[in-house]
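Chains as they are written, first to last, in my numbering: chain A, 67 to 361; chain B, -7 to 310.
No residue lacks a Cβ here, since even glycine has one placed at the ideal position from N, Cα and C.
Worksheet: the structure to be examined is printed underneath.
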Amino acid sequence: MTDATISTVTAPPPATISGRSPLSSTLIHAALIAASIAMLYPLLWMVSASVRPEDEIFSSTSLWPSSVDFASYVRGWFGLDVSFGRFTWNSLVIAVLTVIGNVIACSLAAYAFARLRFAGRNFWFAIMLGTMMIPYHVTLIPQYVLFLDLGWVNTILPLVVPKFLASDAFFIFLMVQFFRGIPRELDEAAMMDGCGAWRIYWKIMLPLSLPVLATAAIFSFIWTWDDFFGPLIYLNDMNTYTIQLGLRTFVDSSSTSDWGGLFAMSTLSLVPVFFFFLFFQRLLIEGIATTGMKR
Amino acid sequence: MAAVQDSAVAVGAGAKARPAAQGRLAAIWTKHGAGYMFLLPWLVGFFALTLGPAVASFYLSFTNFDLIRSAEWVGTANYVRIATADPKFAASLKVTIVYVVLSVPFKLAFALLVAILLNRGIKGLTFYRAIFYLPSLLGGSVAIAVLWRQLFAGDGLVNSLLAQFGIEGPSWISHPDYSIWTLVVLSVWQFGSPMIIFLAGLRQIPTDMYEAASLDGASKFRQFYKITLPLLTPVIFFNAVVQTIEAFKAFTPAFIISGGTGGPINSTLFYTLYLYQEAFGNFRMGYASALAWILVLIIGLFTAFSFLTSRYWVHYDD
């Protein structure tokens, strides 16, 4: 601590410690800006293509449309037998229920692992970590048979119910890490006052854990919104399609000549994710930095 | 704390002069019951959705289950066929390994390079970090796979750009030699999340190490090679393992870009795509279960190998 203070006060800023000239700093910025442009170019091009007049989409590599035209959005929205409004609604329902399920079920389990003492806790904790490593392909087929027997195929139940059973062990792990950082004195004092485990969970742990609950909620939403494999397996009736399945049908259908409509709907499907990126970027980046999340 | 609770229970039980056995049950419940109550949803999920299905899947892998007729035991026939008589299995395994071997090193090298540039105290760190992270966040969606399909099509954006330099590019996605590269580029484009983890790792390296090294006249390259890289090996190891497992499980981009076929000529037939085709296209559920267990075996062997070799190159402080 004192070292850091001394060095920031007395020493020149770190940039010059390493003896870097303004020239190399300019070079770094030039490289980073060039890389940023290269990375964003395809995305921006797609957005711009979605508002271009149809005949201009393929002829132009520029990002500025000659005129702005939302006809592609209208064509795309009604481009399939079922409208994209329906797909968007279906996606939204599944994503919101998943968020609720994950936050409730995973925080319950995480509280047990982080705070309660019971026989077999370490054993179950190890098992829980183990389930994070297993590829879902191993459980896929029997799960499908189970849900088929229950008559759940073509409903959202196979996609949502498992979340209420804390099937995303990753979020349990994330929450356990956070709960362990909350001072034990708080719940010990509450216990002295006669609070039971439920009250401590509800009145102390959850209110103090809003950052991690928000991180889990946002990642749950984004991953569910983007999920393609689950809906592909369980939803076969177009009325139940999510927006990702709608896009897939659009790209495979004979109307693939309508790239404008396809790009318009693709752009639309990215809007919620982009929204979270814009407003909750800090939470997302911290979540990744501290847990090493996969995506 | 638990001791306080226990004695309180004991005192309570004694005062009311309950039968000893009932008092003990109550004590056990007070001690362990709450934990299991909180764990209940996860426990149900674990048995019904993970352990049960995993056991069932292992059993099914020795049968010819096809979803219609009841499963018949076929012994190791599925595994024998996988090992000896299934060219599509061999093709899909090859494609997947090529994808892993190409995409993971490039992605990590990019992530590390950019993280090092960003860590040099430059202005606008949060801005650059956000831009480089955005593709990771969007990249898993169908929309991006759709975009990729257009970018690398014969009349796609990449070829339009190349045409401005007078180069006539092929149709990248429909050429069996190039199609896998479009998927590798898509994966490398999403270098943002390993980059963030590298950045967090770089921050942990004390700056006085570099100060001491430069006072001793160590060159930049030497500092990187002797300080940064060794101290970062745990993070490199972590990223490499996570990204490799993810790459083995990749599905959506190959599915969308090839229209579900894994073509042209199986050149984008990811292992998971082949498994999906067998299970939900041909309904060879027994065979697909065997494929799933082979995938577990491959990932498990890889992870074990990584951990065994890690002690020769991963540097831990203590």
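- Rounded to the nearest whole angstrom, the C-alpha separation of residue 145/A and residue 128/A is 26 Å.
- Residues of chain A with a Cβ closer than 7 Å to the Cβ of residue 146/B do not exist; the shortest Cβ-Cβ separation is about 11 Å.
- The three-state secondary structure of residue 55/B, taken from DSSP, is strand.
- For residue 228/A, the enclosing alpha helix (DSSP H) starts and ends at 223 to 230.
- Taking a cut-off of 8 Å on C-beta distances, the region 171 to 189 of chain A touches the region 243 to 251 of chain A, as three or more cross pairs fall below it.
- Bounds of the alpha helix (DSSP H) holding residue 226/B are 221 to 241.
- Distance from the CA atom of residue 76/B to the CA atom of residue 259/B, rounded to whole angstroms, is 20 Å.
- In this structure, residue 140/B lies away from residue 151/B, with their beta-carbon atoms at least 9 Å apart.
- For residue 65/B, the beta-bridge partners assigned by DSSP are 55/B.
- Taking 9 Å as the CB threshold, residue 245/A stays off the interface with chain B.
- Judged by their CB atoms, residue 243/B and residue 294/A are nearer to each other than the 9 Å cut-off.
- By the Cβ neighbour-count rule, residue 156/B is exposed, with fewer than 16 other Cβ atoms within 10 Å of its own.
- Runs of the alpha helix (DSSP H) lying entirely within the region 97 to 163 of chain B and spanning at least 4 residues, in chain order: 117 to 130, 134 to 143, 149 to 155.
- Distance from the CA atom of residue 34/B to the CA atom of residue 216/A, rounded to whole angstroms, is 20 Å.
- For the C-beta of residue 140/A, not a single chain B residue is nearer than 9 Å; the gap to the nearest is close to 18 Å.
- Annotation note: the region 89 to 150 of chain A contains no uninterrupted beta strand (DSSP E) run of length 3 or greater.
- For residue 165/A, the three-state secondary structure derived from DSSP is helix.
- In this structure, the straight-line span from the alpha carbon of residue 253/B to that of residue 268/A is close to 50 Å.
- The C-beta of residue 302/A has fewer than 16 other C-beta atoms within 10 Å across all chains shown, which makes the residue exposed.
- For chain B, the residues of the region 277 to 305 of chain A that bring a beta carbon within less than 9 Å of one of its beta carbons are 288, 289, 291, 292, 293, 294, 295, 298, 299, in chain order.
- Among the residues facing chain A, residue 124/B is included, as its CB has a counterpart in that chain under 9 Å away.
- When rounded, the separation of the alpha-carbon atoms in residue 226/B and residue 214/B is 20 Å.
- Rounded to whole angstroms, the separation of the alpha carbons of residue 192/A and residue 281/B is 25 Å.
- Between residue 128/B and residue 183/B, the C-beta spacing is below 9 Å.
- Per the Cβ contact rule, the region 277 to 287 of chain A is not in contact with the region 193 to 205 of chain A (fewer than 3 Cβ pairs under 8 Å).
- The C-beta of residue 101/B comes no closer than 9 Å to any C-beta of chain A.
- Ranked by Cα distance from residue 153/A, the options 313/A, 107/A, 330/A, 256/A are led by 313/A.
- According to the DSSP assignment, residue 195/B belongs to the alpha helix (DSSP H) that extends over 184 to 195.
- Between residue 315/A and residue 225/A, the C-beta spacing is not below 9 Å.
- Put simply, the backbone Cα of residue 164/A is about 14 Å away from that of residue 308/A.
- Taking the C-beta atoms as reference points, residue 124/B is found nearer than 9 Å to residue 101/A.
- DSSP places residue 258/B in the coil class of the three-state scheme, outside both helix and strand.
- For residue 318/A, the residues of chain B that pass the 8 Å Cβ criterion are 251, 252, in the order they occur in the chain.
- DSSP, read as helix, strand or coil, puts residue 77/B in coil.
- At a cut-off of 9 Å between beta-carbon atoms, residue 288/B makes contact with chain A.
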